[in-house]
Structures are given as structure tokens and as C-alpha cells.
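Undergrad: One structure is given below, represented as C-alpha cells, and several questions about it will come after.
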Amino acid sequence: MSIFHLAYHVDDLDRARGFYGGLLGCQEGRSTETWVDFNFFGHQISLHLGPVFATAKTGKVGDHMVPMPHLGVILPQGDWRALADRLEAAGVDFTIAPTTRFAGEPGEQSTMFFHDPAGNPIEIKGFADMSGVFAT
């Protein structure tokens with residue numbers, strides 16, 4: 001699979017470094033006084049100082065209304081569980097707490113939603129069977 005690149009705004013690079021680097025464990029890459037890159041679970045995100053985009057809970061997925069737009073990543077189930085445990089222990093305020101959706105159906109997945117310090121919504125999914133990521 002290809003590596004994606006996504007650039008978006010944050011309002012404080014030091015808080016972003018603490019969140020993405022410290023809490024999520026993403027390795028920091030290049031940076032200047034106005035932006036910083038991170039290895040976001042194998043993908044490149046570039047966080048630039050600027051006005052954060054507006055989001056709203058307008059995406060209906062299963063029984064949940066999820067924030068749109070949002071970014072995220074899909075992890076193997078064990079990695080997802082370890083991250084969920086770390087975020088819960090850190091007292092992260094979840095928009096959607098770690099849960100399983102579509103149980104017993106094609107595409108069964110674990111998910112959690114939370115926001116970075118600038119308010120950008122993030123979804124982390126976990127799959128026990130990665131072949132189910134694109135299940136129909």
C-alpha cells in the first residue's frame with residue numbers, strides 16, 4: 001500500500017508535539033518554526049500553524065454520529081488495544097470511547113474517536129482481520 005501525506009492546521013506546535021509525539025508515540029520528522037512533520041503510524045502528517053478547520057458530527061456510521069471531516073488510521077487489533085489502553089490511562093476525553101462496531105458482520109472493527117489539542121478529530125480503527133477493511 002502507498003503512504004499518504006496529509007497537512008492540516010494546529011494552533012500550537014508545542015502542544016501538538018506533546019500530543020502526537022508524546023501521547024500517540026509518533027516520531028517527529030522535519031520542522032520549522034511554523035510546521036512539524038510526524039510519522040503517523042507509517043504515514044506522513046504535516047501540522048502547520050493556522051486556523052483549524054471546522055468540524056461537525058454529521059457522519060452517521062452505525063449508531064454513531066461522527067465528526068466530519070476527520071483523519072485516522074487502521075491498526076492491527078493488538079496495536080489498537082494497546083493504544084486504547086494508553087489513551088484511557090492518560091485520561092483522554094473520547095468523542096466515542098473505544099468500542100466494537102459491526103460485530104459479527106463483514107468489516108467488524110474496533111474504533112475510538114478523540115480530538116487533538118487544537119480540536120482536530122481523529123479516529124483510530126482496529127481490525128482483527130485486515131482483509132475486512134474493504135469488506136462489502
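Residue numbering for the sequence shown follows full-length UniProt numbering, starting at 1 and increasing by one per position. Virtual Cβ for every residue (Gly too), placed ideally from N, Cα, C.
Within 10 angstroms of the Cβ of residue 16, are there 16 or more other Cβ atoms? Answer buried if so, exposed if not.
TA: Here residue 16 refers to the residue found at position 16 of the sequence shown. So residue 16 counts as buried.
Undergrad: For residue 25 versus residue 80, is the C-beta spacing smaller than 8 angstroms?
TA: Sequence index remark: in the sequence shown, residue 25 carries index 25 (1-based). Sequence index remark: in the sequence shown, residue 80 carries index 80 (1-based). Against a cut-off of 8 angstroms, the Cβ pair of residue 80 and residue 25 comes out as no contact.
Undergrad: Looking at residue 71 and residue 122, is the spacing between their C-beta atoms short of 8 angstroms?
TA: In the sequence shown, residue 122 corresponds to position 122, counting from 1. In the sequence shown, residue 71 corresponds to position 71, counting from 1. Yes, the Cβ-Cβ distance between residue 122 and residue 71 is below 8 angstroms.
Undergrad: Mark residue 32 as exposed unless 16 or more other C-beta atoms lie within 10 angstroms of its C-beta, in which case mark it buried.
TA: Numbered from 1 along the sequence shown, position 32 holds the residue referred to as residue 32. Exposed, because fewer than 16 other Cβ atoms sit within 10 Å of the Cβ of residue 32.
Undergrad: In whole angstroms, what separates the C-alpha of residue 104 from that of residue 50?
TA: In the sequence shown, residue 104 corresponds to position 104, counting from 1. In the sequence shown, residue 50 corresponds to position 50, counting from 1. Spanning the two alpha carbons is a distance of roughly 42 angstroms.
Undergrad: Let me know if residue 124 comes out buried or exposed under the rule of 16 or more other beta-carbons within 10 Å of its beta-carbon.
TA: For the purposes of this step, residue 124 is taken as the residue at position 124 of the sequence shown. Looking at its Cβ environment, which holds 16 or more other Cβ atoms inside 10 Å, residue 124 is buried.
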